[in-house]
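Heads up: the structure comes next, in structure tokens.
Protein chains: 2
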Amino acid sequence: MSVIGLIQHAALRLTDASGESGRILLSLFIMLASAKLMAELFERLRQPAVVGEILAGIIIGPSVLSLVQPSSATEVLGEIGVVFLLFTVGLETRPGDIRKVGRIATAVAVLGVVVPFFAGWGLLVLWPGYSAIEAVFLGAGMVATSVGITARVLSSMGFIGAAASRVILTAAVIDDIIGLLVLAVVSSLAEGRIRYLHIALTALIAIGFAILILTVGGRAVRRVKPRVSSLRIDHSFLLFALVLCFGLAAVAGMIGIAGIVGAFLAGVALSEATDDTRLHLQAGALTEFAAPFFLVSIGMKLNLSIFLSPAVVALAAVVTVLAIATKLIGCGIGALTMGRRRALQVGLGMIPRGEVGIVVAQIGLALSAVGDKIYGVVLAMAVLTTLAAPPFIKIAFAPETRLPQDDDEVLDQPLG
Amino acid sequence: MSVIGLIQHAALRLTDASGESGRILLSLFIMLASAKLMAELFERLRQPAVVGEILAGIIIGPSVLSLVQPSSATEVLGEIGVVFLLFTVGLETRPGDIRKVGRIATAVAVLGVVVPFFAGWGLLVLWPGYSAIEAVFLGAGMVATSVGITARVLSSMGFIGAAASRVILTAAVIDDIIGLLVLAVVSSLAEGRIRYLHIALTALIAIGFAILILTVGGRAVRRVKPRVSSLRIDHSFLLFALVLCFGLAAVAGMIGIAGIVGAFLAGVALSEATDDTRLHLQAGALTEFAAPFFLVSIGMKLNLSIFLSPAVVALAAVVTVLAIATKLIGCGIGALTMGRRRALQVGLGMIPRGEVGIVVAQIGLALSAVGDKIYGVVLAMAVLTTLAAPPFIKIAFAPETRLPQDDDEVLDQPLG
């Protein structure tokens with residue numbers, strides 16, 4: 081036996097002792113390192129880093145290199161990742177901004193939900209080879225704009241303060257909530273019957289929950305803040321923020337909407353109560369660590385072999401084009417009172433799909449209501465819309481930076 | 081059906097849709113909130129917060145309230161928690177300090193390993209009802225001082241800069257490494273045969289790995305730092321630090337020592353290369369979030385019902401007393417050249433057991449080499465030594481703060 085052979089043998093045998101823990105650490109390392117390598121590559125190609133991280137997941141996952149397998153461990157990390165992602169977006173959102181652009185944003189969100197849903201549903205009803213329930217799931221998967229991805233793209237390009245950006249972010253949050261209600265309807269459909277009363281109740285509870293946190297959350301946080309600061313444990317305010325984040329996420333989960341909405345609302349309530357830059361930096365660190373696991377675990381679930389079928393590729397292409405066109409038209413109409421150019425900006429900004437669409441597809445897969453193909457089509461649509469939007473957003477927003485004053489007028493006058 | 085019944089029913093049905101994710105978020109919330117409530121309670125009682133967090137795990141775990149079950153999800157979070165804990169301790173350690181106190185610390189560590197090991201092993205050989213392999217595991221479980229717990233106790237009491245503290249921290253790291261080598265021996269024993277050559281090789285590789293990182297790690301990090309800063313991704317230095325942390329942890333796992341040693345070494349290398357307070361704050365946030373999951377998951381694994389047997393309680397008591405006495409004597413003798421009072425401080429500071437001892441017990445349990453009882457005894461010993469040490473540490477260090485200058489003399493003269 082050679083020396084190298086001996087070392088390998090020894091390493092293998094002794095790894096068994098710390099086996100499980102060693103394997104987990106290796107998986108975490110591979111996921112984090114590959115995500116960030118791809119993110120860097122995409123940044124250099126002037127493409128959104130999020131797309132690079134999803135592609136990293138596809139590459140290291142079972143479809144290509146099979147370095148890491150999706151497991152309940154990668155699942156829980158992905159869950160934590162998206163919770164922190166939305167929590168951080170919430171921290172950067174002022175409830176005042178949401179209230180100010182509320183009416184336009186609601187119109188944008190509602191039209192941006194209705195148009196894509198019926199387009200996706202109608203398409204698959206006409207397209208041969210898919211079930212009626214898959215058509216409903218595809219429609220539901222096309223509904224929600226990705227708050228996280230939109231916010232990242234807009235802020236990395238420096239447009240986060242523009243009037244259209246505020247409308248986009250607020251509308252994206254509202255359509256996330258609508259998307260999750262659609263999901264509740266669709267899931268009960270998949271189980272054989274719709275319980276209208278329960279869904280109406282859930283909708284009411286969910287809307288009430290969101291309004292409650294948005295109206296009194298900030299004040300409540302401000303009131304308990306001195307008491308939190310007087311606690312003896314270290315970093316008490318950060319820990320309070322984290323407990324609030326997971327607490328509201330758990331409440332959201334219990335009343336039937338996705339946990340990420342609760343995490344977002346926790347962030348908004350905290351942002352109103354404090355300007356703590358330490359908290360921003362700390363929450364940012366948590367997101368930087370955890371978000372890659374969310375994006376990578378999305379990619380790992382994609383079964384690439386479905387794209388060997390030309391029919392599936394054609395469907396994915398049509399769905400993607402439809403996803404772009406329907407948001408552009410639906411949201412654009414909703415924002416027309418802001419003027420045509422801003423309506424175009426809003427429409428383009430709402431194009432990227434992400435978290436919620438993929439969550440819809442995952443739940444469809446878990447309920448066996450949706451096959452590998454529709455899961456892959458929704459995932460491809462989410463990735464491609466995210467890839468397609470940034471160049472257009474850039475062009476549409478480009479002159480914006482030169483006219484910052486007229487922006488506030490546009491917002492203040494018709495809404496004030 | 082009452083309105084409340086309807087709401088509950090609706091909530092239950094709709095939770096099914098987001099089911100798995102909702103359950104995970106609820107578990108995370110319960111673990112985090114209970115850990116921090118108990119930490120706050122223990123701080124107010126002037127007891128170490130870590131003990132409160134372990135007790136929180138016992139309370140919410142299957143032994144008492146059964147609110148959260150140990151699962152692969154809680155496992156992976158616990159793993160990440162201890163990795164960040166040791167990474168942060170590494171960040172606060174200067175390799176220069178390690179080199180300065182190296183000789184005394186090595187003597188302290190070696191004697192602090194040998195004495196408790198043979199005491200624990202000898203005790204269980206004589207005690208009726210346990211196997212020879214359980215005796216070896218008990219000895220191994222008594223070996224390693226908890227770096228994380230010791231560092232937390234010393235820094236929360238403001239003694240982290242004292243001469244004895246530096247010796248304690250360095251010796252604790254060295255005995256962690258020795259403890260993990262002992263674990264490798266013990267694990268191969270449990271599997272039926274000892275492979276001396278492989279263990280010798282592992283020891284050599286592990287020591288070489290540690291020395292390599294301690295000698296050239298800092299310089300290497302300093303050299304790549306400008307290139308890392310020029311990367312396009314956000315928070316590139318934090319992400320580099322995290323990749324390094326999990327990378328070295330994975331390497332440590334592959335060469336047969338525990339991942340936490342790699343995480344610690346990554347922290348030390350980074351601390352030498354940078355004074356980045358942002359990195360400290362960000363790593364601190366990650367530890368604050370993740371460490372509770374480590375401590376809670378330790379507690380959740382304890383089967384309280386074993387303590388219904390008076391014989392087990394008696395054994396746990398004897399083992400705890402022995403664990404305290406042997407570290408005090410072994411480490412005290414190792415530090416005698418520093419003078420009697422400092423030898424006493426070092427001996428007391430080395431008493432708390434933790435991570436590694438519990439890891440040993442866990443691996444013994446996983447290999448079926450150790451029963452529930454010895455697992456519980458080791459866990460009780462780890463918790464009780466952590467509880468017992470702080471008051472004594474406080475008394476022994478109390479006059480220290482008044483004599484800061486003579487401290488450096490003591491260290492510089494005999495070692496310089």
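Chain order of the listed sequences is L and U. Our numbering numbers the first residue of the first sequence as 81 and each following residue consecutively. Our numbering numbers the first residue of the second sequence as 81 and each following residue consecutively. Backbone N, C-alpha and C fix where the C-beta goes; we use that ideal spot for every residue, glycine too.
Segment limits, alpha helix (DSSP H) that includes residue i
{"i": "F369 of chain L", "result": "T357 to M380"}
{"i": "W207 of chain U", "result": "Element bounds for W207 of chain U: n/a, residue is neither H nor E."}
{"i": "D177 of chain L", "result": "P175 to K180"}
{"i": "H278 of chain L", "result": "Y276 to L292"}
{"i": "V331 of chain L", "result": "S316 to M334"}
{"i": "I340 of chain U", "result": "G339 to A353"}
{"i": "V301 of chain L", "result": "G298 to S309"}
Contacts around residue i, its chain only, beta-carbon distance under 8 Å, and the 5 residues preceding and following it disregarded
{"i": "L63 of chain U", "result": "Residue 63 of chain U lies beyond the stretch modelled for chain U, which goes from 81 to 496, so this question has no answer here."}
{"i": "L324 of chain L", "result": "V301, A346, A349 and L350"}
{"i": "E159 of chain U", "result": "G339 and F374"}
{"i": "G259 of chain L", "result": "V193, A220, V223, A224, V436, G437 and V440"}
{"i": "A212 of chain U", "result": "V205"}
Cα-Cα separation between residue i and residue j, rounded to whole angstroms
{"i": "L328 of chain L", "j": "T367 of chain L", "result": "17 Å"}
{"i": "V188 of chain U", "j": "Q149 of chain U", "result": "39 Å"}
{"i": "A91 of chain L", "j": "T282 of chain U", "result": "Residue placement at A91 of chain L is flagged as unreliable, the pLDDT there being 41, under the threshold of 50; a coordinate-derived value is accordingly withheld."}
{"i": "D255 of chain U", "j": "V223 of chain U", "result": "7 Å"}
{"i": "I386 of chain L", "j": "G456 of chain L", "result": "7 Å"}
{"i": "W207 of chain L", "j": "A394 of chain L", "result": "11 Å"}
{"i": "G333 of chain L", "j": "A290 of chain L", "result": "13 Å"}
{"i": "E214 of chain U", "j": "L204 of chain U", "result": "8 Å"}
{"i": "L147 of chain L", "j": "L108 of chain L", "result": "11 Å"}
{"i": "G161 of chain L", "j": "G342 of chain U", "result": "24 Å"}
{"i": "G347 of chain U", "j": "L467 of chain U", "result": "27 Å"}
{"i": "G288 of chain L", "j": "V131 of chain U", "result": "40 Å"}
{"i": "V265 of chain U", "j": "V216 of chain U", "result": "10 Å"}
{"i": "T225 of chain L", "j": "L125 of chain U", "result": "49 Å"}
{"i": "V331 of chain U", "j": "G339 of chain U", "result": "8 Å"}
{"i": "I404 of chain U", "j": "T465 of chain U", "result": "7 Å"}
{"i": "S151 of chain U", "j": "N383 of chain U", "result": "15 Å"}
{"i": "V392 of chain U", "j": "I184 of chain U", "result": "37 Å"}
{"i": "M430 of chain L", "j": "L292 of chain L", "result": "26 Å"}
{"i": "T154 of chain L", "j": "S377 of chain L", "result": "7 Å"}
{"i": "V399 of chain L", "j": "A462 of chain U", "result": "58 Å"}
{"i": "K381 of chain U", "j": "L249 of chain L", "result": "44 Å"}
{"i": "S267 of chain U", "j": "I104 of chain L", "result": "19 Å"}
{"i": "T168 of chain L", "j": "A371 of chain L", "result": "11 Å"}
{"i": "I475 of chain U", "j": "K407 of chain U", "result": "18 Å"}
{"i": "G182 of chain L", "j": "I110 of chain L", "result": "42 Å"}
{"i": "Q127 of chain U", "j": "M418 of chain U", "result": "29 Å"}
{"i": "S389 of chain U", "j": "A396 of chain U", "result": "11 Å"}
{"i": "P470 of chain U", "j": "L261 of chain U", "result": "28 Å"}
{"i": "E120 of chain L", "j": "W201 of chain U", "result": "53 Å"}
Own chain partners of residue i with C-beta closer than 7 Å, once the 5 adjacent residues on each side are dropped
{"i": "G410 of chain L", "result": "L191, G192, V194, V195 and P196"}
{"i": "G298 of chain L", "result": "P175, A349, E352 and A353"}
{"i": "L112 of chain L", "result": "P372"}
{"i": "T186 of chain U", "result": "I254"}
Any C-beta of chain B under 7 Å from that of residue i
{"i": "E159 of chain L", "result": "Included in the structure are the protein chains L and U, with no chain B among them."}
Same chain only: Cβ atoms within 6 Å of residue i, ignoring 5 sequence neighbours per side
{"i": "A441 of chain U", "result": "G221, Y455 and V458"}
Could you tell me whether the segment 435 to 448 of chain L touches the segment 418 to 427 of chain L, where touching means 3 or more Cβ pairs closer than 8 Å? Per the Cβ contact rule, the segment 435 to 448 of chain L is not in contact with the segment 418 to 427 of chain L (fewer than 3 Cβ pairs under 8 Å).
Would you check if there are 3 or more beta carbon pairs closer than 8 Å linking the segment 113 to 121 of chain U to the segment 135 to 148 of chain U? yes
Segments of 4+ residues assigned as alpha helix (DSSP H) that fall wholly inside the segment 415 to 480 of chain L: Entirely contained in the segment 415 to 480 of chain L, the alpha helix (DSSP H) runs reaching 4 residues are, in chain order, 420 to 429, 435 to 446 and 452 to 477.
Quick check on the DSSP output: what are the complete alpha helix (DSSP H) runs of length 4 or more inside the segment 124 to 198 of chain L, in order along the chain? 129 to 140, 152 to 171 and 175 to 180
Are three or more beta carbon pairs between the segment 139 to 146 of chain U and the segment 292 to 304 of chain U nearer than 8 Å? Contact between the segment 139 to 146 of chain U and the segment 292 to 304 of chain U is absent: fewer than 3 CB-CB pairs across the two stretches fall below 8 Å.
Tell me whether the segment 245 to 255 of chain U and the segment 441 to 456 of chain U touch, counting them as touching only if at least three CB pairs, one residue from each stretch, are closer than 8 Å. Counting Cβ pairs under 8 Å, fewer than three are found: no touch.
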